[in-house]
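Residue numbers (the UniProt record's numbering): 1 to 951.
Cβ atoms here follow ideal geometry from the backbone N, Cα and C, with glycine treated the same way.
As the structure is a prediction and not an experimental result, all values here were calculated from the model.
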Amino acid sequence: MANRVSSVTFGPGNHGVEVVENYAPINVNIHYPPEPPEPTPPPFASIPYLHDPTFVERGDILDQIGRQCSEPASRVAIVGLGGVGKSQLAIEFAHRFAARSAETWVFWVHASTQARVMEGFQSIADKVKLIGRNRPDADVLQLVFDWLSNGRNGKWLLVLDSADDSDVWLHSTSGDKDDRRKLVEYLPQSPNGSILVTTRDKDLAFRVTGIHQTIHEIGPMTQEEALVLLENRFGTLSDVNAAADLVRSLDLVPLAISQAAAYIQRRAPRTSLVQYLDEFRQSESKRVKLLSHDAGDLRRDLRQDGGASNAILTTWQVSFDHIRCKRPSAADLLSLMSFFNRQGIPESLLRPPKDSYNATQSIGPEDKIDTDSQGSDDETGNEFEDDAAILRDYCLIVLSEDANTFEMHGLVQLSTRRWLKTHGLQDKFLGQYITVMVSSFPTGDYENWTRCRPLFAHVEAAAEYRPSEDSVRKIWSSLLHNGGRYAWSQGRYNVAEQMLSRGRRTREKLLGKDHEATLASISLLALVYSDQGRWADAEKLQVQVLETRKMKLGEDHPNTLTSMNNLALTYRNQGRWADAENLQVQVLETRKTKLGEDHPKTLTSMNNLALTYRNQGRWADAEKLQVQVLETRKRKLGEDHPDTLRSMSNLALVYSDQGRWADAENLQAQVLETRKTKLGEDHPHTLMSMNNLAMTYRNQGRWADAENLQMQVVETFKTKLGADHPDTLTSMGNLASVYRNKGRWADAEKLQVQVLETSETKLGADHPHTLTTMNNLASVYSDQGRWADAENLQAQVLETRKTKLGEDHLNTLMSMGNLASVYSDQGRWADAENLQAQVLETRKTKLGEDHPHTLMSMNNLAMTYRNQGRWADAENLQMQVVETFKTKLGADHPDTLTTMNNLALTWKSQGRHEEALSMMKNCLQRRRQVLGLSHPLTKESLSTLDQWIKD
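Okay, here's the thing in structure tokens:
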């Protein structure tokens, strides 16, 4: 089981007010050196289909398209029913465009699905040698968009073929409903380029082009055009009248005409055009009735394309019947292919395996499907080539440019599946398809991602089917389990939830609720819930799984321990750290005994226990465990493995807690760069790395760097996970803290109020994240002089934390320190001193005398002493704080400068004017350099110094 990581950082405040950090789930990954630049080749045309010398002109439509595409930033669309020749027009135009514009790029993108669009953009990136394109999960869409938008790269034509699904273009790029980025937004409006789209959806065409004048709606051919097409495909027409009857019977649809000609030629001389026409006429009513019976959806689908659909479907039925009679194995191949996603069908999945997969076996949670059994002998290979050749001859399939994958027209697939259903064969071939996918798609573990990626579109297609045979449903549930695991690993939580929920329901019905495979589905679904921030739902499922496994397998069974571990992680997310620690210690000790100290699952347990120690403020214990885990994982897994990166990130957080920010930054930067390379810039784990690094920058006083990263994290999290996801809320709170550091208090308050209201609704009023937000908002109120509001919130947080966490918990101490600061602001110095002294003594014991949090407590207490006129006591503490801060953080750190400022104020109060003036000048100079002239703290030092000079 993969493990989720919750983490938060806390940064110091200014003016003696402690700044609270947010707690949130955090994960991590890795980065490689930048790729060397490659020379960009001269412009060329990349068209996946050869020029057709027998192309039939369709009036002046190509001339119209040519004139429109010559305009800067033009967008042109060809709209019509499937099979009417949209793509053929686009192919012809692209070749003509390339021929007359040798210095112009011509790119072709298959646009029917998001996966194919991504492949097309990746191909463009490869052809123009874009830097960064080879990084796994790189943002290729943005790379290509930027390249196309750059006029220095020359003129270009981009063809988007078969953009028939509006959901692909007008919904999110990830497929998750929470993601609001649209593919259509990646189509540049560049004066040096033109876009040509073929689609069945006129509304989508308008959304892409933006104007109706550049949308060309085409229907069937004229009879003259159709006869020319038939003659080009068939040869000289000896009976023109019969030919005219034939093309009219085919509704003048180009694809139907081409397929009919291929059918006749294939059977010649035993079949003539007249014989074909007679056969077609004899069976037409039967075919139409056959397709119309219980095929309402089919008719609606085709009416949406706006054309006469029955003729073209009947033509496909004629061709399919003949292929089935002539070569049943070719018909079987077509039947199998009809269930795949229509594009990118791998040849390797279509060739018969040497050993058939056992369709009745049940795949358990730890099973991995052996995918190395694919293969064929020479005879089988020749049979496959002959089958594929026949299907290509009949234009039912197309071999892609790379010669390793096939494509089918979507309506050909639909027609084939309808035919199979009518003949009672759908279950047979659906079972074969599911079997092929189960035996080919591995588990979603890190090591399998490169194998999963090109197959996942076909898993998504399989998820939409509903097998009726129990044996097929059983293995289908296994495919959904593996597919859901992969989607989860890629941060596509909604897709993962849908797949896993379907798989769970199927397994419960077939295997029972307490079957181990069912429990595996429930357990993985709970982890998805956890990543969605649905911790109550996750806990409910995990308790169910744990109790069942204890009863069925025993308390020390590996699967039972996995359940205990996952439940402990949920407890930790809920802030129930004592419950989490109790379970994790039990799991760790058992795994050490059963598996050994360096087993991956033992290391996972150590990592999780260390995180709980960190939450409890037991940083020495946490560091010791994290270092041990990290070194072992480096040795066992390698430095760029996700688990190793997770350990590096968690150790960095412990360093940050200890005030070792340089060490933390070093690790976090390494993790961030590797995750960008391995996962992509918008993966949730990469974003968490950015969040962690930004918080370290803030701790170092590098607020501009912190703000830049945090803004990027917030916006991407909103798009990927939604505005109310816990990770999004955490990033918003962290950004608000940066605003506060920069003196942008109105911006900080606005964000904190938004986060607080959402946290109270989503998590509850006493959840640790909610309390952290209340604490942060109270600090903003203090900055604004709204001390009554600040005191009210801080007192509420303090009492809740005392009850929930205990009086000596680090978060409780932070609340006490912040409440004391509010008392001090109100002149209630005795109350402030009482709390601050308590916080200081506890922090000395818990953290040590030179920890930044301890030093800040000393600084705050010293300020209270000064306000009380106890200048010697104040100076004594402040001298100690200044020197220690210089050693620990450096002379230019904002916290060091704050304590220098405060010491200068104490000297001034003692009448030591020259020393105070010198210290304040030094402080002002450094604040100008570090914070800038416009920062409130710089202005305050300047104002104080001016007043002292005047005095």
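- In summary, Met551 is exposed, with fewer than 16 beta-carbon neighbours lying within 10 Å of its beta-carbon over all protein chains present.
- Shown here, Leu130 sits in coil according to DSSP, grouped into three states, outside any helix or strand.
- Of Met118, Phe121 and Val159, the smallest CA-CA separation from Phe97 is found for Val159.
- In this structure Gly827 is exposed. Its beta-carbon is surrounded by fewer than 16 other beta-carbon atoms within 10 angstroms.
- Approximately 17 angstroms separates the beta-carbon atoms of Trp105 and Gly66; this is outside 8 angstroms, ruling out the contact.
- Just so you know, the alpha carbons of Gln838 and Met816 end up roughly 9 angstroms apart.
- For Thr199, the secondary structure class from DSSP, reduced to helix, strand or coil, is strand.
- Setting aside the 5 residues that flank it on each side, Phe55 is surrounded in the same chain by Glu92, each with a C-beta closer than 6 angstroms to its C-beta; the list follows chain order.
- By the C-beta density criterion, Thr236 is exposed, having fewer than 16 other C-beta atoms within 10 angstroms.
- Val881 is positioned such that its CB atom lies no closer than 8 angstroms to that of Gly701.
- Annotated three-state conformation of Asp663 is helix, per DSSP.
- C-alpha of Ala487 to C-alpha of Ser166: approximately 22 angstroms in a straight line.
- Here Val797 has Leu771, Met774, Asn775 and Ser815 as same chain residues with Cβ atoms under 6 angstroms from its own Cβ, once five neighbours each way along the sequence are excluded.
- Within its own chain, the residues whose Cβ lies closer than 8 angstroms to the Cβ of Val714, once the five positions on either side in sequence are excluded, are Thr728, Ser731, Met732 and Leu735, listed in chain order.
- The alpha-carbon separation between Gly193 and Lys513 amounts to approximately 58 angstroms.
- Burial state of Ser468 is exposed, judged by a 10 Å Cβ sphere holding fewer than 16 other Cβ atoms.
- The region 336-345 makes contact with the region 108-116, as at least three CB pairs between them are under 8 angstroms.
- Taking a 10 Å sphere around the C-beta of Asn811, we find 16 or more other C-beta atoms and assign the residue as buried.
- For the pair Leu897 and Met856, the Cα-to-Cα distance works out to about 12 angstroms.
- His913 has its alpha-carbon roughly 14 angstroms from the corresponding atom of Asn901.
- When the alpha-carbon of Leu430 is set against those of Arg505, Leu62 and Ser338, the nearest one is in Ser338.
- C-alpha of Ser649 to C-alpha of Ser689: approximately 8 angstroms in a straight line.
- Per DSSP, Leu157 lies in no alpha helix (DSSP H) segment; the continuous beta strand (DSSP E) that holds it begins and ends at Trp156 to Asp161.
- Cβ-Cβ separation between Gln426 and Thr214: approximately 42 angstroms, too far for a contact (criterion under 8 angstroms).
- Of all C-beta pairs linking the region 776-795 to the region 745-757, three or more are shorter than 8 angstroms, placing the two stretches in contact.
- Sorting Ser782, Ser737 and His725 by C-alpha distance to the C-alpha of Glu760 places His725 at the top.
- Within the same chain, Trp745 come within 6 angstroms of Asp783 by CB-CB distance, once the 5 residues on both sides are set aside.
- For Ile47, no alpha helix (DSSP H) encloses it, and the DSSP letter there is neither H nor E.
- Nearest to Tyr697 by alpha-carbon distance, out of Ser737, Val543, Glu841 and Ala261, is Ser737.
- Close CB contacts of Thr686 within its chain, under the 8 angstroms cut and outside five residues either way in sequence, are with Asn29, Leu672, Arg675, Lys676, Leu679 and Gly680 (chain order).
- About 5 angstroms separates the beta carbons of Thr198 and Ala90, which is inside the 8 angstroms limit, making them a contact pair.
- According to DSSP, Val79 shares a beta bridge with Thr199 and Glu217.
- Here Glu799 is exposed: its Cβ has fewer than 16 other Cβ atoms, across all protein chains shown, within 10 Å.
- Arg75 and His216 have their C-alpha atoms some 11 angstroms from each other.
- Per DSSP, Ile211 is not a residue of any alpha helix (DSSP H), being assigned neither H nor E.
- By the neighbour-count criterion, in which a residue is buried when 16 or more other Cβ atoms sit within 10 angstroms of its Cβ, Leu277 is buried.
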